[in-house]
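Working notes for the structure below.
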Amino acid sequence: MTPLSIFLENLDIDASTSTIVTLLAIFAITWYAWIRVKSKKESSSLPPGPRGLPLIGNLASLDPDLHTYFAGLARTYGPILKLQLGCKLAIIVSSPDLAREVLKDHDVTFANRDVLAVARIATYGGLDIAWSPYGPEWRMLRKVCVLKMLSNSTLDSVYGLRRREVQNTVAYIYRKAGSPINVEEQTFLTILNVITSMLWGGTVQGEERGRLGAEFRRAVADMTELLGAPNISDFFPALARFDLQGLARKMSGLAPRFDQIFDRMIEKQLNFDELGDSSSECKDFLQFLL
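Residue numbers are given in numbering that gives the first Met the number 0: position 248 of the sequence shown equals residue 247, and the series is strictly consecutive.
Take a look at the structure:
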């Protein structure tokens, strides 16, 4: 007699129940063996990587300085390796040759990206050039950006707007001669000022431009913080509905701030067009798009 039949006899279970339990045991063993074989086949086609913990994978071993952490892993596992981040599998490439393969030679294959939970809210389901899947709509957005907004002629036309912001920064630093300044903060502000000036610098002027620029900078800083925060919903999509960290709720309140800023700028430019008063020394991106 088998150990299983002896165990069932001691439990005084009838024949039909014994048969059912035996079949369930056989099914469980078969399913477990199939999972083991399947996982071995899948892992054999993946690059090497550090072993992770059950459920969370390698999340617990991540270092805040990711560039040094990835460099250390590359010295151990080679230029391409895998990390299990919760339910998501990440492939790390740290070689110029492999990066060229991924980003240039086979860029279409790797064009799509997983939309972050907060980014999906900010872009109304990933409907922008950064998060849209590769396809006709994405190619249309890219064409608008490359041929209309970022062409040499367009960038030359907003040269005056860029030059104005750089001059303002130089003048500010000159006034602060002999006093300490935060170079990182000032550089960030200069870049954002250049961006906002190129967006609508020819549409609004004076105090209104400064006020909108400050409001836009605060919104961008808040959004950057939310996008850069590790989110449990990204690593475990099944938990996204619970929003355990409250990041989705914060982004839901932040996205309308951008809409209000852009709506005001678009309405203002449309009013200028209706009045025939849209002439300006330098055209901004908003004027090109409209």
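Glycine included, each C-beta is placed from N, C-alpha and C at the ideal position.
Would you mind working out which of the options sits nearest residue i, comparing C-alpha positions?
i           : options               : result
residue 54  : 32, 70, 86 and 44     : 86
residue 164 : 153, 193, 183 and 254 : 193
residue 48  : 144, 152, 151 and 75  : 75
residue 46  : 222, 58 and 97        : 97
residue 284 : 244, 148 and 175      : 148
residue 93  : 108, 66 and 118       : 66
residue 261 : 288, 241, 236 and 50  : 288
residue 264 : 110, 99, 208 and 146  : 208
residue 213 : 249, 256, 141 and 229 : 256
residue 107 : 227, 120, 137 and 63  : 137
residue 119 : 270, 266, 271 and 249 : 249
residue 122 : 251, 282 and 270      : 251
residue 229 : 21, 63 and 32         : 63
For residue i, count neighbouring Cβ atoms within 10 angstroms of its own Cβ and tell me buried if that reaches 16, exposed if not.
i           : result
residue 259 : exposed
residue 178 : exposed
residue 10  : No answer about residue 10 holds up, because its pLDDT of 49 lies below 50 and its placement is not dependable.
residue 28  : exposed
residue 152 : exposed
residue 176 : exposed
residue 52  : exposed
residue 268 : buried
residue 44  : exposed
residue 131 : buried
residue 339 : The chain is shown only over 0 to 289; residue 339 falls outside these bounds and no answer can be derived.
residue 19  : exposed
residue 3   : Residue placement at residue 3 is flagged as unreliable, the pLDDT there being 48, under the threshold of 50; a coordinate-derived value is accordingly withheld.
residue 6   : A caution first: residue 6 carries a pLDDT of 46, below 50, which makes its placement in the model too unreliable to give a value.
residue 199 : buried
residue 211 : buried
residue 128 : exposed
residue 139 : exposed
residue 70  : exposed
In the DSSP assignment, the alpha helix (DSSP H) including residue i goes from what residue to what residue?
i           : result
residue 176 : Element bounds for residue 176: n/a, residue is neither H nor E.
residue 286 : 284-288
residue 44  : Premise fails: residue 44 is in no alpha helix (DSSP H) and is neither H nor E.
residue 234 : 231-234
residue 240 : Residue 240 -> no alpha helix (DSSP H), and no H or E assigned at all.
residue 118 : 116-121
What residue range does the beta strand (DSSP E) around residue i cover?
i          : result
residue 89 : 87-92
Would residue i pass as a contact of residue j if the rule is Cβ separation under 8 Å?
i           : j           : result
residue 225 : residue 231 : no
residue 219 : residue 191 : yes
residue 160 : residue 196 : yes
residue 216 : residue 188 : yes
residue 91  : residue 102 : no
residue 290 : residue 221 : The displayed coordinates of the chain run from 0 to 289. Any statement about residue 290 would go beyond what the structure contains.
residue 290 : residue 89  : Since the first residue shown for the chain is 0 and the last is 289, residue 290 is missing from the structure and cannot be characterised.
residue 117 : residue 247 : yes
residue 125 : residue 84  : no
residue 68  : residue 58  : no
Please report whether the beta-carbon of residue i lies at a distance below 8 Å from any beta-carbon of chain C.
i           : result
residue 260 : Of the protein chains in this structure there is only one, and it is not chain C.
Please list the segments of the alpha helix (DSSP H) lying wholly inside the stretch 140-228, counting only runs of 4 or more residues, in order along the chain.
151-156, 158-174, 182-199 and 205-227
Which whole runs of the alpha helix (DSSP H) in the stretch 60-112 are 4 residues long or more, in chain order?
65-76 and 95-99
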